[in-house]
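Trainee:
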Amino acid sequence: MLKKIIYYANTQIKFFLLIIFLVFAKKTLFAESNNDIPSQCMFALEWYDDHPGYVGEFKRVLDYCKKYAKDVSPEGYAANPILSDFGSMSGVNTRPRDTIHQGIDIIGQKENPIIAIKDGKVLETTIEDCWGSTVVIDHGKSIDGKNLITIYGHVGTFYVKEGDRVKRGDKIAELPIKIKYRCMARVRHLHLQIGQRYCEKKDNWACKYFIKDFYRSLNPHDYWADGPNKVTCFDNKRKFQKGTITYPLPCSRTY
Ligand SMILES: [Zn+2]
13 MLKKIIYYAN TQIKFFLLII FLVFAKKTLF AESNNDIPSQ CMFALEWYDD
63 HPGYVGEFKR VLDYCKKYAK DVSPEGYAAN PILSDFGSMS GVNTRPRDTI
113 HQGIDIIGQK ENPIIAIKDG KVLETTIEDC WGSTVVIDHG KSIDGKNLIT
163 IYGHVGTFYV KEGDRVKRGD KIAELPIKIK YRCMARVRHL HLQIGQRYCE
213 KKDNWACKYF IKDFYRSLNP HDYWADGPNK VTCFDNKRKF QKGTITYPLP
263 CSRTY
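Heads up, the working numbering is the position in the sequence shown plus 12, with the first residue counted as 1.
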């Protein structure tokens, strides 16, 4: 009888410990999930850790980030938030822009992988004076016949070189560890922009940052695989329609 009671109590304790472990594990996982906006803002603003003299600016930018970073996660996934969207008149650092934003700015942690939004060919990997490391990929045509000359700006380490062919979802670069370039605006983010006309390296005429139609870029939200304005996460178990794009950072599954 006593043995039975001890066995029963033991099982109960084990069960109790398992529950505690699961709750703890879920909390930990949740804290690291890609769409936890306060945490993602803190990660994106790590420049300020090395610059304690800017505490006022840090607080202002952090508040702004927490308020305006957009969770664009599709159902079942957690995606890194967009802080400055296509067409926005404000930069990631709260400052007004001179012209409307020609791309989307996605915030993240150091060494977050950047993945190809579609199959393509790498046109250029450059460390630009203001932008920092930047990859330009020709992703061929969109579903409506437009060119998808895509700039992945403000990255860190490259994982591809010029001339490489990439598949959708391939890792092409990472977000930088340190924010050292002026155009990164002290906030770690990927600037994704889609132009029509690539500037050859030697051809600088009427070129601005890699493309000739810098101020007439396409809205990436028109081309998601699940349809316009339906951000679509890359998933190697899915087949995606040609001419459509998927999110440039990997998403985590939420179930
Ligand atoms: Zn941008």
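Ideal placement from N, C-alpha and C gives every residue a C-beta, glycine not left out.
These numbers come from a predicted model, not from an experiment.
Any heavy atom of ligand 1 closer than 7 Å to the CB of Asp-117?
Mentor: Asp-117 Cβ: within cutoff of ligand 1.
Trainee: Under 7 Å from any heavy atom of ligand 1, does the C-beta of Ser-96 make it?
Mentor: At least one heavy atom of ligand 1 is nearer than 7 Å to the Cβ of Ser-96, so yes.
Trainee: Using only alpha-carbon positions, find the residue among Cys-263, Arg-265, Ala-56, Ala-237 that is nearest to Asp-156.
Mentor: With distances taken between Cα atoms, Asp-156 lies closest to Ala-237.
Trainee: What are the start and end residues of each continuous alpha helix (DSSP H) run of 4 or more residues lying completely inside the segment 216 to 248, in chain order?
Mentor: Listed in chain order, nothing qualifies, since the segment 216 to 248 has no complete alpha helix (DSSP H) run of 4 or more residues.
Trainee: Please name the residue, chosen from Ile-116, Gly-132, Glu-174, that lies closest to Gly-165 on a Cα-to-Cα basis.
Mentor: For the residues Ile-116, Gly-132, Glu-174, the minimum Cα distance to Gly-165 belongs to Ile-116.
Trainee: With a cut-off of 8 Å on the beta carbons, I'd call Pro-86 and Thr-244 a contact; round off their distance for me.
Mentor: Between Thr-244 and Pro-86 the Cβ distance is about 6 Å, and since that is below 8 Å, they are a contact.
Trainee: Please classify Met-196 as buried or exposed, where buried requires at least 16 neighbouring CB atoms within 10 angstroms.
Mentor: So Met-196 ends up on the buried side.
Trainee: Opposite Arg-265 in the DSSP bridges: which residues?
Mentor: Its beta-bridge partners are Tyr-89.
Trainee: Straight-line CA distance for Phe-226 to Leu-204?
Mentor: Whole-angstrom Cα-Cα distance: 12 Å.
Trainee: According to DSSP, is Val-67 part of a helix, a strand, or is it coil?
Mentor: Looking at Val-67 - three-state DSSP - the assignment turns out to be helix.
Trainee: Can you tell me whether DSSP reads Lys-183 as helix, strand or coil?
Mentor: Strand at Lys-183.
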